[in-house]
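Q: Shown below is the structure under consideration.
If you want it as structure tokens, here you go:
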């Protein structure tokens, strides 16, 4: 059974003085105090604004070679959920843009938006799948949906290109989504079923649900076309967006895993 998830008057006192110099002295002290207080308030406001701006700038991909739009990327990855899961870390590890290091559990991602251009083919690399025509590419990605992130399929020929298995249908996602370039040197599709993670294998993390439970990339054959979707142990299978619906495949589908 597929369930829909909902992918926030003042008073003053005065005193008299015996001389104008007394008044001047008190006024001078009061002005200094107000000035000091005003500077403190302004500094706090500026600090808040700067913090937001710095976080935005630090979390954005600027000057990227693939021409993707500059967009906020909290922690260079998925937004962090506020839940912890017993026995595992709730938020998927952050994305990384340094190819000289081991890929992070969620892989190297290209941030995109349905209002922006699709990345250059050299950045997106070869698509792992093609449409029924044998020509149009189908990519693997993750859609940012409020408090959750869901693995999805990405087809540049569709409008919008990002489609998510959601609430029993094929959701036409609008907004932020991330493309995962498939790297056959480090990734491979492994056959599984019933939501299981193959023994001894480490799946590529594709997102999480609102409660923090992790989601992974899946792929299944749908009428001769291999279509990517999502899977998790709690789902008991793969959920695939195809033909306008959300199809649940219990057995003989693949999960994307690291080779190491």
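Residue numbers (this note's numbering): 101 to 360. Quick reminder that beta carbons are idealized off the backbone N, C-alpha and C, glycines included.
(1) In terms of residue numbering, what span does the alpha helix (DSSP H) encompassing residue 285 cover?
(2) Count the other CB atoms within 10 Å of the CB of residue 255; is the residue buried (16 or more) or exposed (fewer)?
(3) Could you check where the alpha helix (DSSP H) with residue 214 kicks off and where it finishes?
(4) Given this structure, state the Cα-to-Cα distance separating residue 242 from residue 210, to the nearest angstrom.
(5) Contact between the segment 253-268 and the segment 287-299 is defined here as three or more beta-carbon pairs at a separation below 8 Å; is this criterion met?
(6) Considering only their Cβ atoms, is the gap separating residue 265 from residue 341 smaller than 7 Å?
(7) Less than 8 Å between the CB atoms is what I'm expecting for residue 308 and residue 249, so what's the real figure, rounded?
(8) Just to confirm, is the Cβ distance from residue 326 to residue 319 under 7 Å?
(9) Using a Cβ-Cβ cut-off of 6 Å (strictly less than) and excluding sequence neighbours within five positions of residue 274, which residues of its own chain qualify?
(10) When you compare each of 217, 356, 206 to residue 287 by their alpha carbons, which one comes out closest?
(11) Can you grab the Cα-Cα spacing for the pair residue 363 / residue 344, in whole Å?
(12) Please name the residue in 349, 217, 316 whose C-alpha comes closest to that of residue 358.
(13) Please work out which residues of its chain come closer than 6 Å, Cβ to Cβ, to residue 247, disregarding the five sequence neighbours upstream and downstream, and give them in chain order.
(14) I'd like to know whether the C-beta atoms of residue 225 and residue 303 end up nearer to each other than 7 Å.
(15) Let me confirm a value: residue 350 is counted as buried when at least 16 other C-beta atoms fall within 10 Å, else exposed. Which label applies?
(16) Taking the beta strand (DSSP E) that residue 338 falls in, what are its first and last residues?
(17) With DSSP collapsed to three states, give me the class of residue 260.
(18) Where does the unbroken beta strand (DSSP E) through residue 328 begin, and where does it stop?
(19) Rounding to the nearest angstrom, what Cα-Cα distance links residue 284 and residue 328 in this structure?
(20) Taking the straight line between their C-alpha atoms, what separation do you get for residue 306 and residue 323?
(21) Under a three-way DSSP split, which group does residue 303 fall into?
(22) Can you give the beta carbon distance from residue 269 to residue 346, rounded, assuming they're within the 8 Å contact cut?
(23) Could you give the DSSP three-state label for residue 237: helix, strand or coil?
(24) At what residues does the beta strand (DSSP E) containing residue 251 begin and finish?
(25) Using only the alpha-carbon positions, how far apart do residue 330 and residue 312 sit?
(26) Between residue 299 and residue 220, what straight-line distance do the alpha-carbon atoms span, to the nearest angstrom?
A: By the coordinates alone:
(1) In the chain shown, the residue the question calls residue 285 occupies position 185. Membership of residue 285 in any alpha helix (DSSP H) is not indicated, and neither H nor E is assigned to it by DSSP.
(2) Working through the chain shown from its first residue, we reach residue 255 at position 155. Result: buried.
(3) As a first step, residue 214 must be located in the chain shown, where it is residue number 114. In the DSSP assignment, residue 214 falls outside any alpha helix (DSSP H) and carries neither an H nor an E.
(4) Working through the chain shown from its first residue, we reach residue 242 at position 142. Working through the chain shown from its first residue, we reach residue 210 at position 110. Going by C-alpha positions, residue 242 is about 10 Å away from residue 210.
(5) Touching, no, given that fewer than three Cβ pairs across the two stretches are closer than 8 Å.
(6) Numbered from 1 along the chain shown, position 241 holds the residue referred to as residue 341. Numbered from 1 along the chain shown, position 165 holds the residue referred to as residue 265. Contact annotation: residue 341 and residue 265 have beta-carbon atoms nearer than 7 Å.
(7) Looking up residue 308 in the chain shown gives position 208. Looking up residue 249 in the chain shown gives position 149. Rounded to the nearest angstrom, the Cβ distance from residue 308 to residue 249 is 6 Å, consistent with a contact under 8 Å.
(8) Taking the first residue of the chain shown as 1, we reach residue 326 at position 226. Taking the first residue of the chain shown as 1, we reach residue 319 at position 219. Going by C-beta atoms, residue 326 is nearer than 7 Å to residue 319.
(9) Position 174 of the chain shown, counted from the first residue, corresponds to residue 274. The residues are 214, 260.
(10) Residue mapping note: residue 287 aligns to position 187 of the chain shown, counting from 1. Comparing Cα-Cα distances from residue 287 to each of 217, 356, 206, the minimum goes to 356.
(11) Missing from the structure shown is residue 363; the chain here goes from 101 to 360 and no further.
(12) As a first step, residue 358 must be located in the chain shown, where it is residue number 258. Residue 358 has its Cα closest to that of 316, out of 349, 217, 316.
(13) Walking along the chain shown from the start, residue 247 turns up at place 147. For residue 247, the CB contacts under 6 Å within the same chain, skipping 5 residues up- and downstream, are 310 in chain order.
(14) Reading the chain shown from its first residue, position 125 is the one you call residue 225. Reading the chain shown from its first residue, position 203 is the one you call residue 303. Not a contact, by the Cβ cut-off of 7 Å.
(15) Here the question's residue 350 lines up with position 250 in the chain shown. Exposed.
(16) In the chain shown, the residue the question calls residue 338 occupies position 238. Here the beta strand (DSSP E) through residue 338 covers 337-342.
(17) For the purposes of this step, residue 260 is taken as residue 160 along the chain shown, with counting starting at 1. Residue 260: coil per DSSP, three-state reduction.
(18) Taking the first residue of the chain shown as 1, we reach residue 328 at position 228. Per DSSP, the continuous beta strand (DSSP E) segment holding residue 328 begins and ends at 325-332.
(19) Numbered from its first residue, the chain shown carries residue 284 at position 184. Numbered from its first residue, the chain shown carries residue 328 at position 228. The straight-line gap from Cα to Cα measures roughly 16 Å.
(20) By 1-based counting over the chain shown, the position of residue 306 is 206. By 1-based counting over the chain shown, the position of residue 323 is 223. Computed Cα separation, rounded: 25 Å.
(21) The sequence position of residue 303 within the chain shown is 203, counting from 1. Reduced to three states, the DSSP call for residue 303 is strand.
(22) What you label residue 269 is simply residue 169 of the chain shown in a count that begins at 1. What you label residue 346 is simply residue 246 of the chain shown in a count that begins at 1. Indeed they touch by this definition, with Cβ atoms about 6 Å apart.
(23) Against the chain shown, residue 237 aligns to sequence position 137. Looking at residue 237 - three-state DSSP - the assignment turns out to be strand.
(24) On the chain shown, residue 251 is found 151 positions in, with the first residue counted as 1. DSSP places residue 251 inside the beta strand (DSSP E), whose first and last residues are 248-254.
(25) Taking the first residue of the chain shown as 1, we reach residue 330 at position 230. Taking the first residue of the chain shown as 1, we reach residue 312 at position 212. Whole-angstrom Cα-Cα distance: 15 Å.
(26) Residue mapping note: residue 299 aligns to position 199 of the chain shown, counting from 1. Residue mapping note: residue 220 aligns to position 120 of the chain shown, counting from 1. Approximately 36 Å between the Cα atoms of the pair.
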